[in-house]
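Chemist:
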Amino acid sequence: MRRVHIGELAWPAYVEKVRQGVPVLIPVGSLEQHGPHMSMNPDVLLPTAISERVAQNIDGLVAPAIAYGYKSQQKSGGGNHMPGTTSLDGLTVTQTIRDVLKELARHGVRKTVLVNGHYENSAFIAEGVDLALRELRWDGIRDFSCIILSYWDFIDQASIDTIYQGDFPGWAVEHGGVLETSLMLHLHPDLVDMSQVRNHPPATFPPYDFFPIKPEWTPESGCLSSASRASAEHGKLILSVCVQGIGDALRTAFD
Ligand SMILES: [Zn+2]
Numbered sequence: 002m003r004r005v006h007i008g009e010l011a012w013p014a015y016v017e018k019v020r021q022g023v024p025v026l027i028p029v030g031s032l033e034q035h036g037p038h039m040s041m042n043p044d045v046l047l048p049t050a051i052s053e054r055v056a057q058n059i060d061g062l063v064a065p066a067i068a069y070g071y072k073s074q075q076k077s078g079g080g081n082h083m084p085g086t087t088s089l090d091g092l093t094v095t096q097t098i099r100d101v102l103k104e105l106a107r108h109g110v111r112k113t114v115l116v117n118g119h120y121e122n123s124a125f126i127a128e129g130v131d132l133a134l135r136e137l138r139w140d141g142i143r144d145f146s147c148i149i150l151s152y153w154d155f156i157d158q159a160s161i162d163t164i165y166q167g168d169f170p171g172w173a174v175e176h177g178g179v180l181e182t183s184l185m186l187h188l189h190p191d192l193v194d195m196s197q198v199r200n201h202p203p204a205t206f207p208p209y210d211f212f213p214i215k216p217e218w219t220p221e222s223g224c225l226s227s228a229s230r231a232s233a234e235h236g237k238l239i240l241s242v243c244v245q246g247i248g249d250a251l252r253t254a255f256d
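Following the numbering used here, the numbering of the sequence shown begins with 2 at its first residue and continues without gaps.
Right under this line is the structure:
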């Protein structure tokens, strides 16, 4: 297997790949509780694993993951009050994305992909990209491009039907649920303890957010739906669908 992680390359080998014009994938995650049954780093490990495989397939590179993300929101991540969840202000996420992109551009990278693993990051990634593109334009660099994606958007209906058997609760309440737990069981089984999964119905919320949050809205487990139906087999399917779909999308988008 070719080495794809930028951090594992010596600089001349890195510069050589950059000269070839290869895309650089940047996983963007968070440190966030994912229930009593799972480690707090799936939002980093999952986009990293997907990025590694996509980079192998499309001759790309992978930058070190951004390991912290925007504050966990109650209706998508359980809430930022939960123990262990360690988040950045939106401005910090935005400026981190902007700074990393501008550094890659300085090296000569022109195609970048932000592979998001934490829903709450989305708008701040977009803002970081916008600021980077604007500032690069001021420097006369107009051929720098960026794709922003969240890996779960590549899971097709056929896979959803296979995994959820008609009981799909929606991605919004998948936090710590079947999707992430299955992927972790396939990729990092040592970081999951299925005996600790709490069985509860998907969380329900009113159609608004309330601040300061009402902790009682979040299920006690910290998960927004139960992972009891998760399996390594589902994880393998999800991984292959995402790697295939993202690889195809990048080939088309960058051509
Ligand atoms: Zn997550």
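For each residue, glycine too, the CB sits at the ideal point set by N, CA and C. Model, not experiment: these values are computed from the prediction.
Checking 8 Å against the spacing of the C-beta atoms, do residue 114 and residue 26 come in under that value?
Modeler: Their beta carbons are under 8 Å apart, which means residue 114 touches residue 26 by this criterion.
Chemist: Take the Cβ of residue 24 as the centre, count every other Cβ of all protein chains shown within 10 Å, and call the residue buried at 16 or more, exposed below.
Modeler: Per the 10 Å Cβ criterion, buried.
Chemist: What residue range is occupied by the uninterrupted beta strand (DSSP E) comprising residue 113?
Modeler: Unbroken beta strand (DSSP E) run through residue 113: 112–117.
Chemist: Tell me the residue span of the alpha helix (DSSP H) that contains residue 243.
Modeler: Looking at the DSSP string, the run of the alpha helix (DSSP H) that includes residue 243 is 233–255.
Chemist: Does at least one heavy atom of ligand 1 sit under 7 Å from the Cβ of residue 6?
Modeler: Because no heavy atom of ligand 1 lies under 7 Å away, the Cβ of residue 6 does not count as near it: no.
Chemist: Anyone know if the C-beta pair for residue 240 and residue 177 falls short of 8 Å?
Modeler: No, the pair does not count as a contact, with Cβ atoms beyond the cut-off.
Chemist: On a CA-only basis, which of 83, 252, 139, 28 is nearest residue 214? Give me that one, please.
Modeler: Among 83, 252, 139, 28, the Cα nearest to that of residue 214 is on 83.
Chemist: Apart from the five residues just before and just after residue 87, which ones in its own chain have a Cβ nearer than 7 Å to its Cβ?
Modeler: Closer than 7 Å at the Cβ level, and outside the excluded window around residue 87, lie 32, 69.
Chemist: Around the C-beta of residue 104, are 16 or more other C-beta atoms found within 10 angstroms, so that it is buried, or is it exposed?
Modeler: Exposed is the call here.
Chemist: Can you give me the C-alpha to C-alpha distance between residue 148 and residue 48, rounded to a whole angstrom?
Modeler: C-alpha separation (whole angstroms): 14 Å.
Chemist: Please identify the residue among 247, 42, 217, 182 whose C-alpha is closest to the C-alpha of residue 234.
Modeler: With distances taken between Cα atoms, residue 234 lies closest to 182.
Chemist: Excluding sequence positions up to five away, which residues of its chain have a Cβ less than 6 Å from the Cβ of residue 8?
Modeler: The residues are 65.
Chemist: Counting only runs of 3+ residues fully inside the stretch 123–207, write out the beta strand (DSSP E) ranges in chain order.
Modeler: Fully enclosed beta strand (DSSP E) runs of 3 or longer: 146–151.
Chemist: Three-state secondary structure (DSSP) at residue 19?
Modeler: Residue 19: helix per DSSP, three-state reduction.
Chemist: So, with DSSP's three-state summary, where would you put residue 6?
Modeler: Here residue 6 sits in strand by DSSP.
Chemist: Can you confirm whether the stretch 93–103 touches the stretch 32–41 when touching is taken to mean that 3 or more C-beta pairs between the two stretches lie within less than 8 Å?
Modeler: These segments do not touch.
Chemist: Hey, out of 119, 110, 56, whose CA is closest to residue 16's CA?
Modeler: The option with the nearest alpha carbon to residue 16 is 110.
Chemist: Could I get the ranges of all uninterrupted beta strand (DSSP E) runs contained in the stretch 29–66, with 3 residues as the minimum, in chain order?
Modeler: Entirely contained in the stretch 29–66, not one beta strand (DSSP E) run reaches 3 residues.
Chemist: Can you tell me whether residue 228 is buried or exposed, with buried defined as 16 or more other CB within 10 angstroms of its CB?
Modeler: So residue 228 counts as buried.
Chemist: Whole angstroms is fine: what's the gap from residue 126's alpha carbon to residue 21's?
Modeler: Distance between the alpha carbons of residue 126 and residue 21: 26 Å.
Chemist: Using 8 Å for Cβ pairs, my map puts residue 63 next to residue 52. What's the rounded Cβ distance?
Modeler: At roughly 5 Å, the Cβ-Cβ gap stays under 8 Å, so residue 63 and residue 52 are in contact.
Chemist: Does residue 95 pass the burial test, meaning 16 or more other C-beta atoms within 10 Å, or should it be called exposed?
Modeler: With 16 or more Cβ atoms within 10 Å of its Cβ, residue 95 is classed as buried.
Chemist: So, is residue 54 buried or exposed, given that buried needs 16 or more other C-beta atoms within 10 angstroms?
Modeler: So residue 54 counts as buried.
Chemist: CA-CA distance, residue 219 and residue 75?
Modeler: Distance between the alpha carbons of residue 219 and residue 75 is about 7 Å.
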